[in-house]
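Chains A and B, in that order, are what the protein sequence lines are.
FYI, the numbering for the first sequence is 269 to 761, going by my numbering.
FYI, the numbering for the second sequence is 233 to 614, going by my numbering.
From the three backbone atoms N, C-alpha and C, an ideal C-beta is built for every residue, glycine too.
Here's the structure we're looking at; comments come further down.
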Amino acid sequence: MELPPPDQDILARRDEIVAALKTIVSDGVVDDAAGRQVFDCDALAAYTQQPLVVVLPKTRQQVIDVVKYAHAAGVPIVPRGSGTSLSGGSLPREDGILLALGRMKSILEIDYENGCLVVEPGVTNLNITKAVEANGFYYAPDPSSQIACSIGGNVAENSGGLHCLKYGLTTNNLLGVVFITPDGEEVRLGGKAGAQGGIDLLGLITGSEGLLGTVVEVTVKILRKPPVTRTLLGSFDTVQKAGACVAAIIGDGILPAAMEFMDRQCIEAIEAYNAPGYPPGSAAILIIDADGVEADVTDTMQRLAAVIARVGGISVEATDEAQRVRMWSGRKASFAAMGRLQPDMICMDGTIPRKKLPEVLERMAEMSEHYGLGCCNVFHAGDGNLHPLIVFDQSKPGEFEKAEAFGADILRLCVKVGGVLTGEHGVGIEKRDLMPEMFTTQELEQQGRVKCAFDPGGRYNPGKVFPTLSPCIEQGHLHVRGAQLPHPHLPRY
Amino acid sequence: MSKVSNEAQVMDFVRQARAERKPFEIMAGGTRRHLGAPISALPQLEISAIQGIVNYEPEELICTVAPGTSLPEMESVLAQRGQRLGFDPADWSAVHGVSGAATIGGAVSVDAFGPGRLLRGPARDSLLAYRGVNGLGESIRGGAKVVKNVTGFDLPKLMCGAFGTLSVLTELTFRVYPRPSRAAVLAVKDVGPLEGFAHLRKIARSALEPSGLAYLPSGNTLLPDVGRGAALIRLEGEATPLQEKTIMAKALLGAPLDDVEGGLDLFNKIRDGVMFADAKLDVWRMMIPASEAPRIAAEIAVPLWLGDQAGGLLWLAAPPSSAALIRGLAAANDGQAMLLKASDEHRARMGLYAPPPPPLAKLRAGIKNAFDPDGLLNPGRI
Chain A
269 MELPPPDQDI
279 LARRDEIVAA
289 LKTIVSDGVV
299 DDAAGRQVFD
309 CDALAAYTQQ
319 PLVVVLPKTR
329 QQVIDVVKYA
339 HAAGVPIVPR
349 GSGTSLSGGS
359 LPREDGILLA
369 LGRMKSILEI
379 DYENGCLVVE
389 PGVTNLNITK
399 AVEANGFYYA
409 PDPSSQIACS
419 IGGNVAENSG
429 GLHCLKYGLT
439 TNNLLGVVFI
449 TPDGEEVRLG
459 GKAGAQGGID
469 LLGLITGSEG
479 LLGTVVEVTV
489 KILRKPPVTR
499 TLLGSFDTVQ
509 KAGACVAAII
519 GDGILPAAME
529 FMDRQCIEAI
539 EAYNAPGYPP
549 GSAAILIIDA
559 DGVEADVTDT
569 MQRLAAVIAR
579 VGGISVEATD
589 EAQRVRMWSG
599 RKASFAAMGR
609 LQPDMICMDG
619 TIPRKKLPEV
629 LERMAEMSEH
639 YGLGCCNVFH
649 AGDGNLHPLI
659 VFDQSKPGEF
669 EKAEAFGADI
679 LRLCVKVGGV
689 LTGEHGVGIE
699 KRDLMPEMFT
709 TQELEQQGRV
719 KCAFDPGGRY
729 NPGKVFPTLS
739 PCIEQGHLHV
749 RGAQLPHPHL
759 PRY
Chain B
233 MSKVSNEAQV
243 MDFVRQARAE
253 RKPFEIMAGG
263 TRRHLGAPIS
273 ALPQLEISAI
283 QGIVNYEPEE
293 LICTVAPGTS
303 LPEMESVLAQ
313 RGQRLGFDPA
323 DWSAVHGVSG
333 AATIGGAVSV
343 DAFGPGRLLR
353 GPARDSLLAY
363 RGVNGLGESI
373 RGGAKVVKNV
383 TGFDLPKLMC
393 GAFGTLSVLT
403 ELTFRVYPRP
413 SRAAVLAVKD
423 VGPLEGFAHL
433 RKIARSALEP
443 SGLAYLPSGN
453 TLLPDVGRGA
463 ALIRLEGEAT
473 PLQEKTIMAK
483 ALLGAPLDDV
493 EGGLDLFNKI
503 RDGVMFADAK
513 LDVWRMMIPA
523 SEAPRIAAEI
533 AVPLWLGDQA
543 GGLLWLAAPP
553 SSAALIRGLA
563 AANDGQAMLL
573 KASDEHRARM
583 GLYAPPPPPL
593 AKLRAGIKNA
603 FDPDGLLNPG
613 RI
């Protein structure tokens with residue numbers, strides 16, 4: 269995977285660019301090599317690149333001034349939130365300004381009457397919930413990195429989490445943004461009323477992976493925390509039964525708050541790691557949350573147990589909070605548990621139609637054998653979002669390449685069965701060259717023209733999402749070395 | 233008028249129109265032609281024959297349809313499997329005094345959301361994927377037929393509320409939702425707007441997951457004997473949970489809460505704007521922060537109005553002379569006022585929405601150009 273070659277003219281003008289930025293953000297320009305090193309990758313750590321310079325604005329006006337300067341000077345910009353992207357969305361460029369928004373972290377307004385918060389982009393996902401939880405509210409999207417990831421980054425990536433099936437992704441929980449265009453103009457889209465009066469540019473910007481501009485203010489919806497949440501574990505002796513169970517639950521009109529699938533390899537790795545006590549011998553298990561008012565949850569739990577029995581599974585409901593936490597502890601430790609099997613691991617992120625799950629798992633088992641590499645599956649079963657984890661040992665010659673080829677085959681399979689390349693991690697640099705697997709040339713050109721409407725100079729996050737080079741190199745991944753994820757303190761599941 | 237019945241014919245038509253540089257109007261049911269700036273004397277592309285359910289998979293929560301499918305047909309197909317659309321699509325034929333079948337393509341194109349938006353969002357939150365023909369005559373797919381996808385730009389969002397100015401839609405894929413087996417409509421009666429909307433916001437902030445919160449003022453024509461006005465609450469669920477929710481709502485409001493007979497039909501009438509069917513005045517749909525509804529309604533002070541979305545949406549029938557006041561209040565409160573019905577002359581003058589500030593106008597023009605560089609599709613409608 270390569271980024272477009274750096275512009276030598278910009279590299280030659282580096283001192284002048286740094287000096288100009290220092291006049292805009294006097295206390296927030298990082299230009300020494302050691303300082304820039306800190307920013308040389310995001311959570312897709314297989315790719316590193318030192319930025320030309322890092323600028324850390326504190327105010328909206330500073331962002332505007334930096335963007336206007338870069339526009340006039342013809343310098344690329346790579347926006348960055350907390351740098352937790354799993355697809356290389358904020359991988360710097362040698363000839364680009366890294367515009368890091370982490371210092372803009374004020375909560376500007378909490379408005380319970382209208383059920384919303386207005387925040388700056390650097391506020392972390394979890395801090396939004398923390399700001400309102402004392403009053404019984406929360407912000408629904410919960411990516412596993414929520415303790416660190418920023419709301420600006422969530423907007424850029426349209427981040428998901430465990431609870432998307434019922435509560436949607438970021439895009440479904442936004443009311444408005446203030447946005448700086450690549451030429452430095454300020455644009456307000458939506459707001460507390462959630463109304464834009466015309467074409468939905470808010471929807472376009474959400475998930476645009478930093479290609480269209482910079483978000484400097486975000487208005488999010490908050491929800492009342494459900495009074496009751498209960499958890500049920502279903503175990504199955506075949507993958508087919510587990511797959512049938514997921515279809516039957518949805519077909520029965522149940523909308524669980526979360527529904528997670530794990531296969532045998534994954535269960536075994538987890539039991540060896542933190543022994544949550546999953547039923548031995550299961551070919552697959554489902555962990556299902558229901559939330560809402562008491563009677564609603566009781567009703568849902570009864571219906572879930574009935575469906576699981578009907579398809580030939582066995583269900584256990586957590587009777588107290590401790591058991592509930594234990595059931596989830598295994599799922600949340602799945603990345604770490606798999607990471608112990610081999611020194612290296614990559615995590616894929618495709619979505620498939622749920623009904624294709626048995627077929628896809630079977631094909632993946634064949635691929636696993638073909639490549640001679642272990643693979644396990646955790647799966648947001650409710651919404652069809654698959655996270656195959658491939659384990660390998662990079663010190664063995666050719667194994668990394670094999671793992672990459674295996675991962676690419678999995679994503680091609682996802683597209684072939686009617687699914688997509690990425691359900692929540694984003695395309696970034698990781699899956700850029702696989703885009704033609706999913707879109708025709710005309711469709712990619714259509715998206716390219718949309719990009720041009722915002723950024724005719726192609727200076728915003730160039731080299732990401734859309735293949736500009738010939739698609740000849742397999743994609744990268746979330747790369748784990750020695751069971752250590754990038755940002756090891758962040759949970760990943 | 234050119235009638236087409238499949239995408240290939242749409243592509244031929246658009247290519248021909250492009251070669252001849254002839255803009256055209258897109259039409260299916262024709263029930264929403266009186267929305268937006270009038271388009272007069274243009275050739276029509278009639279797509280109502282591109283209709284029917286293409287693929288419905290209840291277990292996947294996905295339904296793919298052709299845009300000419302009528303709303304009743306789509307709702308009935310989903311209802312047979314205990315499901316429904318999330319955005320509670322409205323049929324505004326009564327408001328415009330037209331006959332014909334409102335279609336799903338039209339509902340998406342004008343984002344005709346109903347009271348259920350409160351729970352599941354407007355059309356943009358339901359449309360997962362589309363196929364359509366752009367102004368170059370190319371068939372383009374956007375999004376994907378799975379419920380979770382972040383691959384590439386989210387083009388389906390652009391189609392919702394674009395009034396057919398970006399593409400001729402030929403196929404739509406929706407995320408659908410379970411339809412709860414029971415619903416109840418409850419009312420707090422004899423409350424003025426200040427008190428009534430406060431009740432609604434209290435329910436909106438609760439964990440009751442209401443699917444409709446509306447206020448009907450005194451003198452409204454949908455529900456008699458409301459005294460100073462009625463705050464209406466639509467709750468849903470299975471039998472026992474629904475009972476519990478009703479008890480919780482009563483406790484929360486500390487006010488007498490009556491069951492409204494025919495309440496579901498009442499909400500459908502609110503959705504479809506039935507109260508404004510005979511209005512001789514302009515009809516507005518004004519979106520504002522819910523907390524501002526009592527103040528703004530009082531300031532506009534028209535006799536025929538109601539509040540939906542706990543106050544976040546005001547329906548108003550107002551004389552043309554009130555237009556500046558309505559648009560001004562919308563702008564001052566971070567909102568938008570859509571001119572739903574007016575004379576041709578007044579619609580041409582006022583536009584569907586207030587003109588956007590120049591940087592936003594430039595971006596929108598850029599998007600139009602990205603899909604339809606020759607300005608062929610529904611020119612000038614928004």
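For residue i, which residues in the same chain have their Cβ closer than 7 Å to its Cβ, ignoring the five residues on either side in sequence?
| i | result |
| --- | --- |
| A:Leu-702 | Ala-676, Leu-679, Leu-689 and Gln-743 |
| A:Tyr-541 | Ala-601, Ala-604, Ala-605 and Arg-608 |
| A:Ser-738 | At A:Ser-738 the pLDDT is 35, less than 50, meaning the model places this residue with poor confidence; the figure from the coordinates comes in the next sentence. If we look at A:Ser-738 and ignore the five residues flanking it on each side, it has no Cβ neighbours. |
| B:Val-327 | Gly-505, Phe-508, Ala-509, Val-515, Leu-572 and Lys-573 |
Near residue i, what residues of its chain come up, given a Cβ to Cβ distance below 6 Å and the 5 sequence neighbours on each side ignored?
| i | result |
| --- | --- |
| A:Ala-577 | none |
| A:Leu-366 | Phe-307, Pro-319, Val-322, Val-346, Arg-348 and Pro-360 |
| A:Asp-559 | Pro-494, Thr-497 and Ala-525 |
| A:Tyr-639 | Lys-670 and Phe-674 |
| B:Ser-234 | Phe-245 and Leu-277 |
| B:Lys-421 | Val-458, Gly-459 and Ala-462 |
Please work out which residues of its chain come closer than 8 Å, Cβ to Cβ, to residue i, disregarding the five sequence neighbours upstream and downstream, and give them in chain order.
| i | result |
| --- | --- |
| A:Cys-534 | Ser-602, Ala-605, Met-606, Cys-644, Asn-645, Val-646 and Leu-657 |
| A:Asn-395 | Lys-373 and Ile-375 |
| A:Ala-573 | Leu-500, Ser-583 and Glu-585 |
Is there a Cβ from chain A that is less than 8 Å from the Cβ of residue i?
| i | result |
| --- | --- |
| B:Val-400 | no |
| B:Ala-183 | Nothing can be reported for residue 183 of chain B, as the shown portion of chain B is limited to 233 through 614. |
| B:Met-480 | yes |
| B:Gly-494 | no |
| B:Leu-484 | no |
| B:Leu-440 | yes |
So, is the C-beta of residue i closer than 8 Å to a C-beta in chain B?
| i | result |
| --- | --- |
| A:Leu-367 | no |
| A:Phe-504 | no |
| A:Ile-345 | no |
| A:Thr-439 | yes |
| A:Ile-678 | no |
With respect to the alpha helix (DSSP H) encompassing residue i, which residues constitute its N-terminal and C-terminal limits?
| i | result |
| --- | --- |
| B:Trp-324 | Segment: none, B:Trp-324 is in no alpha helix (DSSP H) and carries neither H nor E. |
| A:Ser-597 | 589-600 |
| B:Thr-402 | Not the alpha helix (DSSP H): B:Thr-402 falls in the beta strand (DSSP E), residues 400-410. |
| A:Cys-682 | 667-684 |
So which residues of chain B does residue i contact, with C-beta pairs closer than 7 Å?
| i | result |
| --- | --- |
| A:Asn-382 | Pro-521, Ala-522 and Ser-523 |
| A:Ala-721 | Leu-595, Gly-598, Ile-599, Asn-601 and Ala-602 |
| A:Leu-376 | Correct list: empty, because the minimum Cβ distance to chain B is about 13 Å. |
So the candidates are the options; which of them puts its Cα closest to the Cα of residue i?
| i | options | result |
| --- | --- | --- |
| A:Gly-452 | A:Asp-468, A:Val-331 and A:Thr-497 | A:Val-331 |
| A:Glu-401 | A:Gly-459, A:Ile-365, A:Leu-437 and A:Leu-491 | A:Leu-491 |
| B:Leu-351 | A:His-655, A:Pro-344, A:Pro-319 and A:Asn-440 | A:Asn-440 |
| B:Val-246 | B:Leu-277, B:Asp-320 and B:His-266 | B:Leu-277 |
| A:Arg-599 | A:Met-632, A:Ser-636, A:Glu-377 and A:Glu-528 | A:Glu-528 |
| B:Glu-291 | B:Glu-493, B:Glu-531, B:Val-378 and B:Arg-363 | B:Val-378 |
| B:Gly-261 | B:Pro-270, B:Ala-240, B:Ala-251 and B:Val-330 | B:Val-330 |
| A:Val-486 | A:Val-455, A:Ala-649, A:Thr-506 and A:Ser-294 | A:Val-455 |
| A:Phe-668 | A:Pro-272, A:Ile-614, A:Gly-581 and A:Arg-532 | A:Ile-614 |
Give the residues of chain A in contact with residue i, contact being defined as C-beta atoms less than 7 Å apart.
| i | result |
| --- | --- |
| B:Pro-290 | Gly-519 |
| B:Asp-566 | Gly-459, Lys-460 and Ala-461 |
| B:Thr-472 | Ala-563 and Asp-567 |
| B:Asn-366 | Gln-714 |
Which residue marks the beginning of the beta strand (DSSP E) containing residue i, and which one marks its end?
| i | result |
| --- | --- |
| B:Val-492 | Note, B:Val-492: premise wrong, no beta strand (DSSP E); not H, not E. |
| B:Gln-315 | 315-317 |
| A:Leu-385 | 384-387 |
| A:Ala-558 | 552-560 |
| A:Phe-722 | From DSSP, A:Phe-722 is part of no beta strand (DSSP E) but of the alpha helix (DSSP H) over 709-722. |
Indicate, with yes or no, if the ligand NAD has a heavy atom lying under 7 Å from the CB of residue i.
| i | result |
| --- | --- |
| B:Ser-237 | This structure lacks the ligand NAD, and indeed carries no ligand of any kind. |
Could you list which residues in chain B have their beta carbon closer than 8 Å to that of residue i, in chain order?
| i | result |
| --- | --- |
| A:Cys-534 | Going along chain B, no residue has its Cβ under 8 Å from A:Cys-534, so there is no contact; the nearest lies around 20 Å. |
Can you pull the chain A residues whose beta carbon is under 9 Å from the beta carbon of residue i, in chain order?
| i | result |
| --- | --- |
| B:Arg-579 | By Cβ distance, chain A contributes nothing, its closest Cβ being about 15 Å from B:Arg-579, past 9 Å. |
| B:Gly-314 | Gly-519, Asp-520 and Gly-521 |
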